[in-house]
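Here the sequence shown is numbered in the numbering used here, starting from 6 and rising by one per residue. Working notes, structure below.
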Amino acid sequence: MVCGISCRDFLIAFGIFTVLTILGISGIWYAGKALHSGGDPDNFTPLASAKEAPGGKHLMTVDASSFDHWVLFSFSTGRAHSSRDLDSIGWDFGFRRHRMVTAGGSTQSRGDAAVLDLGAGEIRGAPQPGHPVLLSDIRTRDSLETENPALSRWYHYDWITHRLKSLGHVYLVRTHDGRFARLKILGYYCDKRPGCISFEYLYPAK
């Protein structure tokens with residue numbers, strides 16, 4: 006059978022479609038690997054207390070690489086601990102891999118935590134916006150877990166390097182007991198290991 010022009014065009018188009026499909030599947034696989042690889046709950050790194058930084062701020066790095074444990078951080082104590090239970094009290098902000106939650110809303114019914122995205126910038130001691138509308142954690146229809154709409158896109162994902170990079174936004178955080186802090190995510194890796202989250206914060210914040 007002789008393949009005419011239309012036949013050749015079809016074969017070329019089919020070949021291009023096949024290649025793009027393979028590349029797309031590979032990209033999704035690597036994206037999942039970047040977000041979820043590593044993390045051993047049985048080898049959980051001990052967490053240190055926060056360190057002081059200029060301007061009254063503090064720096065903190067936590068190992069949030071576990072699939073099962075949350076790292077629960079308290080602004081008032083400057084300390085974090087690992088736990089599977091989000092219903093415990095006394096914490097304000099939770100980390101697990103690239104996910105972040107607060108001690109309020111659908112995540113923690115006994116807490117009052119909520120978040121406002123102030124946009125990209127540096128943490129400053131400026132007064133908070135008048136009558137700010139902070140967002141509480143919610144439970145989406147298609148997920149068994151909770152999330153905070155203000156925190157769901159704190160990062161940019163690079164499809165070339167398959168790495169996460171913080172957008173550098175500053176967040177106004179209301180703590181579980183109604184006080185305020187300002188937080189900025191600095192990084193997601195330690196020695197190329199994902200889930201190692203560095204952040205700076207100001208507490209108490211006006």
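Glycine included, C-beta positions come from ideal geometry on N, C-alpha and C.
Beta-carbon proximity check, residue i vs residue j, cutoff 8 Å
i      : j      : result
Ile5   : Lys56  : Past the boundaries of the shown model lies residue 5; the chain is included only from 6 to 211, so the question cannot be answered.
Phe98  : Thr107 : yes
Val120 : Leu177 : yes
Phe100 : Val67  : yes
Ala155 : Leu140 : yes
Asp122 : His174 : yes
Three-state secondary structure (DSSP) of residue i
i      : result
Gly200 : strand
Gly192 : strand
Gly99  : strand
His41  : Low confidence applies to His41: its pLDDT is 42, below 50, so where it sits in the model is not reliable, and the reading given next is rough at best. Helix.
Arg104 : strand
Glu152 : strand
Contact set for residue i: own chain, Cβ-Cβ below 8 Å, skip 5 residues either direction
i      : result
Gly61  : Gly130, Leu207
Arg104 : Glu150, Glu152
Ala58  : Leu64, Glu205
Gly109 : Gly116, Asp117, Ala118, Ala119, Ser141, Asp142, Arg179, His181
In DSSP terms, what residue i is bridged to
i      : result
Val120 : Leu140, Val178
Arg84  : Ser79
Tyr162 : Leu169
Ala186 : Val178
Lys56  : Leu64
Ala125 : His174
Leu207 : Arg187
Thr112 : Beta-bridge pairing links Thr112 to no other residue.
Contact set for residue i: own chain, Cβ-Cβ below 7 Å, skip 5 residues either direction
i      : result
Gly183 : Asp117
Ser88  : His74, Trp75, Leu77
Gly92  : Per the sequence shown, residue 92 should be read as Asp rather than Gly. So the qualifying residues of the chain are Gln113.
Arg115 : Ile94
Spatial neighbours of residue i in its chain, beta-carbon cut-off 6 Å, leaving aside the 5 residues before and after
i      : result
Cys195 : Cys201
Arg144 : Ser111, Thr151
Ser203 : Thr66, Leu191, Gly192
Phe80  : Asp97, Thr180, Ala186, Tyr208
C-beta neighbour in chain B for residue i, strict 8 Å
i      : result
Arg146 : Protein chain content of the structure displayed is limited to a single chain, and chain B is not contained in it.
Is there contact between the stretch 199-208 and the stretch 175-191, where contact requires at least three CB pairs shorter than 8 Å?
yes
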